[in-house]
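Numbering (this note's numbering), first residue to last: 73 to 194. C-beta atoms are modelled at their ideal positions from N, C-alpha and C, and glycine is treated no differently. Below: one structure, written as C-alpha cells.
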C-alpha cells in the first residue's frame, strides 16, 4: 500500500512543492489496490505513476530518482534482501538515497518464505 506516497504528497502540498512518485508493486492486484488507496487519500495524484513488476527487473534505470523507498519488505532472507538492494543501488545515480523499512510480521504475511529459503537455512 502507498503509505509513503500519501505522506509525501501531503507534505509537498503543505510546502507548495511538487513531487513525482513512481510506485512499483510486485503483484498487479496489489497495484490496483494501491492506486485506489492513493486516489482516495490524496487530493493530487497527477504526478504519480504506477507499474507492476519485480524491483529486481524494473525499472532498469533509476538515475532520475532522488529517493528509492522500499515499502514493507523485499526478499525473504537477509541475503536476498541485500542482493536486491545492491542491484537497485547499482542502477541509481551517485548522491541519491535509498530508504528502507521493514516490519517482519507484515513481511512474512505478504511475502512468505520460499521453500528454497527454508532449505538453505537448515
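C-beta contact flag for residue 166 and residue 138 at 8 Å: Taking the chain shown and counting its residues from 1, one reaches residue 166 at position 94. Taking the chain shown and counting its residues from 1, one reaches residue 138 at position 66. Against a cut-off of 8 Å, the Cβ pair of residue 138 and residue 166 comes out as no contact.
For residue 200, the first and last residue of its enclosing beta strand (DSSP E): This structure cannot settle anything about residue 200, because the visible part of the chain is limited to 73 through 194.
Same chain, Cβ closer than 6 Å to residue 192, neighbours up to 5 away in sequence not counted: Within the chain shown, residue 192 is the residue found at index 120, counting from 1. Because the pLDDT of residue 192 is 46, which lies under 50, any placement of that residue in the model is unreliable, and the number read from its coordinates should be weighed accordingly. When the five nearest sequence neighbours on each side are left out, no beta carbon in the same chain lies closer than 6 Å to the beta carbon of residue 192.
Chain-order list of residues whose beta-carbon lies under 8 Å from that of residue 111 (same chain, five-residue window excluded): Looking up residue 111 in the chain shown gives position 39. Excluding five sequence positions before and after residue 111, the CB atoms of its chain that fall closer than 8 Å to its own CB belong to 117, given in chain order.
C-alpha gap between residue 133 and residue 97, whole angstroms: Reading the chain shown from its first residue, position 61 is the one you call residue 133. Reading the chain shown from its first residue, position 25 is the one you call residue 97. Answer to the nearest angstrom: the Cα atoms are 17 Å apart.
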